[in-house]
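Offset between the sequence shown (1-based) and this note's numbering: plus 671. In this text, a Cβ means the ideal position worked out from N, Cα and C, and glycines have one as well. These figures come from a predicted structure and were not determined experimentally.
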Amino acid sequence: MIQFFLTRQIGRCKLSKHIESVDFSKYNTVFCDSLQALDWAYQHDLPKSACIKSSSPAMLWNKKKNIHNVESRWTIEELEKFQSTIQKLTKDIFDKSMKVTGVERELALTISQATYRFQKALYKVACLGESDFTEPRLFIYVDGMTGPAGNIMNSPWDQLLSDNPLFSMVKYTLKNDEWNMLTTEGVSYWKRFKVAGYETIIYRLAIKLMRNFPKWMFKKEVLMPNENELNIEIASSLVRHWVRISKIGLVGSLPEKKNIVLDKIFAEIYKSISPIMRKRVKKWVTPSAVEITMLQFKRHIAEQFKQFKLLAKAWEKTLINNDNIKQAVLVNAPGNTKGCALAHACRKNNIPMLSSQHGVTVEISKAHSILEVLFDSSVADVMFAYNSKIIEVEKKSYFDNATHYSVGMPLRLISMKYSKTMDKSAAPIVYISTNLYHIGLNISHRTDYGNARIEQKLILEVLSKLPHKVRYKTYPVDNRKYADIDPVLEDIRETDNIEIFSKKIDMRYLVSEHSILVTTCATSTLSWPVMSGKPVVFINQKNKSPLTDEAHKSLSKGIFIFDADEQDFYKNIRDFLSQPIDEIERLWQEKEGLRKEMLKQYFCAYSSGAGVRAAKVIIQEYL
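Right, here's the structure in full:
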């Protein structure tokens, strides 16, 4: 998760006020995303009639007259227009940056990626009206347990409204607060081993043992700053060819960003790209917000510029090698500033940078085209893919920079087909929720509140009316978006046949407990159910990460697809899932022949051997 601004703390201390210095009674308009914080404000004389502006589904759930959706201007049509122009924006920013003397490709890519991520901030600015910049406004900033991305529970109202002399901010710390991270607690060692596979054991042992061997024993080395399922399998295969596998990190402590001077290159970059952004800002925000938005954009770009320079130097130190050994870097998801900086350092040291696919998404999702600037293939020299379809998509990308190889899926995913239903007492149907709140602007054409209501309707109209027990598996998100409990879960607790599984455990460990797997949204989550071999029911939502037309045609032959925008959708999927489990499994078996072609095209090009195949390429071509 990316914070709205990397400079969020600038000016925050000046704006924060102690409770004693804030007269709540004088504010008739308040920005607040927490029910607990709002109750606290009421206890300190905030008028019950005050207009509360919020994007929190929990705040908006009961439709109280004084609580308003701050994102209400974002209709599906408006948000679709906003999103549809992002792809061209990133291309234009990249092209302009590349024309600046002294700007290398990796830096231009960083600037373009930063511009993409700034669109979340622009989305929020567009929620403000003229009166927000001139009339009294109070922002209740919520603090509490968060996740690895830090506190992202608040919109950047403090920065956006800082020029309003009648604006104040007060901080509220959540009481009795807790937030859990992704865990394997409760998952047996045997189940973990089955999912991880022997390749992971080989990889982990190799990392530990090889660090104790002198480098002169090796002629080839692969450096790994991070990992994913396919990279682990590749590394375990390389070990068998006596290729040293080394985990790497940044050498020494990073200098303060404030010590990095914004040079003439940055000035030229900003001069070149600012007209493009200004035109876009003027289109979407109220006039009083234009200059403050441009200021925040400049600060955001400056932060990423500094970060790139800092990280590039640090990576260069890490990659220095005086030994007679040939190296390559194997990385996961390099589509960020850190990855671009590493790519820069690799190029300067003549070290190939290799990346591998970390989930089936790009090849099936209609919504991911605006993410081209973040594709692995935009950054890395080499891309190892699960299938030919993603190669086809990435080669068409404006930013494509890689040589592509189709090697297949990692064994972790392929072995899911052996996940037989073991626990007959468990709910036969599991709904794997992908209801995430504003993880990315590409995911949905609806606001968070809109997505929550759609999820609620699915529960009330379908899942709660089934004659079978259903498990509702929440998405194990690490980064907390809202302080309050998701109101969707409150509705589930009132049903008789649905149990909530909210433990932060990845779905891959639970597949064996259920017979029918139901999910929605064309994201990497779909890979695990599909590869399990169990009946998969996929809900295709037109306005939330839908399938591409081509993927829809292919996948409908192999799995059960229901289109949420079709007439009688709720009745049709309810009738289907109400059938005896044996009947659904019988219908699934009828699709087996067509499913093989679907799997080969959109999921796994080969039945096994992805790590071996990629390792062979690396040894022959890059080491």
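Per DSSP, the bridge partner or partners of residue 1312
In the structure as shown, the chain begins at 672 and stops at 1294. Residue 1312 is therefore absent and cannot be evaluated.
Measure the Cβ-Cβ separation of residue 1012 and residue 973 and say whether it is below 8 Å.
For the purposes of this step, residue 1012 is taken as the residue at position 341 of the sequence shown. For the purposes of this step, residue 973 is taken as the residue at position 302 of the sequence shown. Not closer than 8 Å, so no.
Is the beta carbon of residue 1226 closer than 8 Å to that of residue 1273?
Here residue 1273 corresponds to residue number 602 of the sequence shown, with the count starting at 1. Here residue 1226 corresponds to residue number 555 of the sequence shown, with the count starting at 1. For residue 1273 and residue 1226, yes; Cβs fall inside 8 Å.
To the nearest angstrom, report how far apart residue 1270 and residue 833 are at their CA atoms.
Mapped onto the sequence shown, residue 1270 falls at position 599. Mapped onto the sequence shown, residue 833 falls at position 162. Rounded to whole angstroms, residue 1270 to residue 833 spans 53 Å at the Cα level.
Mind checking which residues open and close the alpha helix (DSSP H) that includes residue 937?
The residue you call residue 937 lines up with position 266 of the sequence shown. Start and end: 935 to 955.
Presumed contact (8 Å Cβ cut-off) between residue 1233 and residue 1211, rounded CB distance:
Position 562 of the sequence shown, counted from the first residue, corresponds to residue 1233. Position 540 of the sequence shown, counted from the first residue, corresponds to residue 1211. Right, the Cβ-Cβ distance comes to about 7 Å (below 8 Å), so this counts as a contact.
Exposed or buried, what is residue 765 when buried is set at 16 or more other beta-carbons lying within 10 Å of its beta-carbon?
Indexing the sequence shown from 1 puts residue 765 at position 94. Buried, by the Cβ-count rule.
Taking the alpha carbon of residue 1033 as the reference point, which residue from 870, 1238, 786, 1195 has its own alpha carbon closest?
What you label residue 1033 is simply residue 362 of the sequence shown in a count that begins at 1. Considering only alpha carbons, the answer is 1195.
Environment of residue 1190 [buried if 16+ CB atoms lie within 10 Å]
In the sequence shown, the residue the question calls residue 1190 occupies position 519. Classification for residue 1190: buried.
Between the Cα of residue 820 and the Cα atoms of 740, 1148, 694, which residue gives the shortest distance?
Within the sequence shown, the letter at position 149 stands for residue 820. Closest option to residue 820, Cα to Cα, is 1148.
So, are the CB atoms of residue 1106 and residue 1132 less than 8 Å apart?
Indexing the sequence shown from 1 puts residue 1106 at position 435. Indexing the sequence shown from 1 puts residue 1132 at position 461. Against a cut-off of 8 Å, the Cβ pair of residue 1132 and residue 1106 comes out as no contact.
Taking the beta strand (DSSP E) that residue 1075 belongs to, which residues open and close that run?
Stepping through the sequence shown from its first residue, residue 1075 is reached at position 404. Element bounds for residue 1075: 1074 to 1077.
Alpha-carbon spacing of residue 1229 relative to residue 1035, whole angstroms
Residue mapping note: residue 1229 aligns to position 558 of the sequence shown, counting from 1. Residue mapping note: residue 1035 aligns to position 364 of the sequence shown, counting from 1. Answer to the nearest angstrom: the Cα atoms are 14 Å apart.
Under 8 Å: do the segment 837 to 850 and the segment 808 to 817 share three or more Cβ pairs, one atom per stretch?
yes
DSSP on residue 695, reduced to helix/strand/coil?
Working through the sequence shown from its first residue, we reach residue 695 at position 24. Helix.
Taking 8 Å as the cut-off, decide whether the C-beta atoms of residue 1154 and residue 710 are in contact.
The residue you call residue 1154 lines up with position 483 of the sequence shown. The residue you call residue 710 lines up with position 39 of the sequence shown. No, the Cβ-Cβ distance between residue 1154 and residue 710 is not below 8 Å.
Considering Cα atoms alone, identify which of 1178, 903, 1029, 1202 is closest to residue 1087.
Within the sequence shown, the letter at position 416 stands for residue 1087. Comparing Cα-Cα distances from residue 1087 to each of 1178, 903, 1029, 1202, the minimum goes to 1202.
Measuring CB to CB, does residue 1216 end up less than 8 Å from residue 1082?
Within the sequence shown, residue 1216 is the residue found at index 545, counting from 1. Within the sequence shown, residue 1082 is the residue found at index 411, counting from 1. No.
Does the Cβ of residue 884 have 16 or more other Cβ atoms within 10 Å, making it buried, or fewer, making it exposed?
For the purposes of this step, residue 884 is taken as the residue at position 213 of the sequence shown. With fewer than 16 Cβ atoms within 10 Å of its Cβ, residue 884 is classed as exposed.
Considering only the alpha carbon of each residue, which of 1041, 1285, 989 lies closest to residue 918?
In the sequence shown, residue 918 corresponds to position 247, counting from 1. For the residues 1041, 1285, 989, the minimum Cα distance to residue 918 belongs to 989.
Which class does residue 661 belong to by DSSP, given the choice of helix, strand or coil?
What the structure shows of the chain is the stretch from 672 to 1294, and residue 661 is not part of that stretch, so it cannot be assessed.
Is it true that the segment 1132 to 1145 meets the segment 1043 to 1062, where meeting means three or more beta-carbon pairs spaced less than 8 Å apart?
no
Residue nearest to residue 850 in terms of C-alpha spacing, selected from 1254, 1267, 1152
Here the question's residue 850 lines up with position 179 in the sequence shown. Answer by Cα proximity: 1152.
Considering just the uninterrupted stretch of the beta strand (DSSP E) at residue 739, what are its terminal residues?
Stepping through the sequence shown from its first residue, residue 739 is reached at position 68. From DSSP, the beta strand (DSSP E) with residue 739 extends over 738 to 740.
Other residues of its chain near residue 1005: CB distance less than 8 Å, five sequence neighbours each side excluded:
Numbered from 1 along the sequence shown, position 334 holds the residue referred to as residue 1005. Only 1011, 1013, 1014, 1024, 1026, 1047, 1050, 1051 meet the Cβ criterion.
Starting from residue 844, trace the beta strand (DSSP E) both ways and give me its first and last residue.
Here residue 844 refers to the residue found at position 173 of the sequence shown. That run of the beta strand (DSSP E) goes 838 to 844.
If we count the other Cβ atoms within 10 Å of its Cβ and call it buried at 16 or more, is residue 1121 buried or exposed?
One-based indexing of the sequence shown puts residue 1121 at position 450. Residue 1121 should be labelled buried.
Under the rule that 16 or more other beta-carbon atoms within 10 Å means buried, what is residue 1248, buried or exposed?
As a first step, residue 1248 is located in the sequence shown; it is residue number 577 there, counting from the start. That one is buried.
So within the segment 1230 to 1254, which uninterrupted beta strand (DSSP E) runs reach at least 3 residues, ignoring any that extend past its ends?
1231 to 1234
If I follow the unbroken alpha helix (DSSP H) through residue 789, where does it start and stop?
Start at 1 with the first residue of the sequence shown, and residue 789 comes out as number 118. Per DSSP, residue 789 belongs to the alpha helix (DSSP H) from 776 to 796.
Are there 16 or more other CB atoms within 10 angstroms of the CB of residue 1289, so buried, or fewer, so exposed?
As a position in the sequence shown, residue 1289 is number 618, starting the count at 1. When all chains shown are included, residue 1289 counts as buried.
With a CB to CB cut of under 6 Å and the five nearest residues on each side skipped, what residues in its chain are close to residue 1076?
Counted from its first residue, the sequence shown places residue 1076 at position 405. The residues are 1055, 1288.
Reference residue 873, options 1220, 1069, 902, 839, closest by Cα:
As a position in the sequence shown, residue 873 is number 202, starting the count at 1. Here the closest residue by C-alpha is 902.
Sufficient close CB pairs (3 or more, under 8 Å) joining the segment 962 to 976 to the segment 943 to 950:
yes
DSSP-derived helix/strand/coil call for residue 1290:
Working through the sequence shown from its first residue, we reach residue 1290 at position 619. Residue 1290: helix per DSSP, three-state reduction.
Of the residues 1281, 998, 1096, the one placed nearest residue 1292, counting alpha carbons only:
Within the sequence shown, the letter at position 621 stands for residue 1292. Residue 1292 has its Cα closest to that of 998, out of 1281, 998, 1096.
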